[in-house]
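In the working numbering, the protein residues as written are 2 to 152.
To start, the structure itself, in structure tokens.
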Ligand SMILES: Nc1nc2c(ncn2[C@@H]2O[C@H](COP(=O)(O)OP(=O)(O)OP(=O)(O)O)[C@@H](O)[C@H]2O)c(=O)[nH]1
Ligand SMILES: [Mg+2]
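The structure is reproduced here in structure tokens:
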């Protein structure tokens with residue numbers, strides 16, 4: 002199942018917005034990060050720790066933290082949430098990646114599985130995508146940017 006959660010933390014007094022990308026290992030988080038940054042597919046190996054890159058969309062700066070998803074690393078995820086008031090103002094973007102694979106769950110199936118409609122206290126959005134072609138990533142970024150500007 003290729004999917005991951007991208008949790009977006011807007012640091013609202015600042016021009017730069019913090020984005021934390023978390024999800025299962027092998028979901029394609031690092032591939033997505035570098036598609037966002039360079040519009041190309043990079044060779045990846047499992048992330049130990051994190052990668053951090055800045056991307057700029059329509060004058061909005063995002064500092065994107067891509068965190069390793071292996072099970073032994075998941076307890077460290079919360080350390081990346083410091084200075085974000087425990088995600089109180091976070092918007093949640095779910096990227097349903099690997100849509101090119103015939104067994105991947107659709108965005109609708111993932112949404113149901115995660116009961117996304119029960120999220121009432123944060124804006125959320127689910128976007129189908131394929132990090133190898135970049136398909137869907139532009140729409141995901143557009144939603145992120147819109148949510149940031151709307152705040
Ligand atoms: N078919 C297909 N493969 C993908 C896609 N996105 C990523 N991959 C492949 O999936 C593998 C894992 O990708 P990564 O980006 O390293 O995964 P990750 O989520 O960063 O993994 P961790 O760092 O271990 O948490 C790589 O071989 C990628 O080329 C996709 O949309 N479709
Ligand atoms: Mg990675």
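Glycine included, every Cβ here is placed at the ideal spot set by N, Cα and C.
All of these numbers come straight from a predicted model, not from anything done at the bench.
- Residue 86 sits in a helix when the DSSP states are folded into three classes.
- At a threshold of 6 Å, residue 103 does not count as near ligand 1, since its beta carbon sits no closer than that to any of the ligand's heavy atoms.
- As computed with DSSP, residue 149 is found in no beta bridge at all.
- A check of alpha carbon separations from residue 65 across 32, 97, 47, 86 identifies 32 as the nearest.
- For residue 29, no pairing in a beta bridge is given by DSSP.
- Nearest C-alpha to residue 113 among 133, 148, 82, 126: 126.
- Cβ-Cβ distances below 6 Å link residue 137 to 128, 129, 130 in the same chain, with the five nearest sequence neighbours on each side left out; the list follows chain order.
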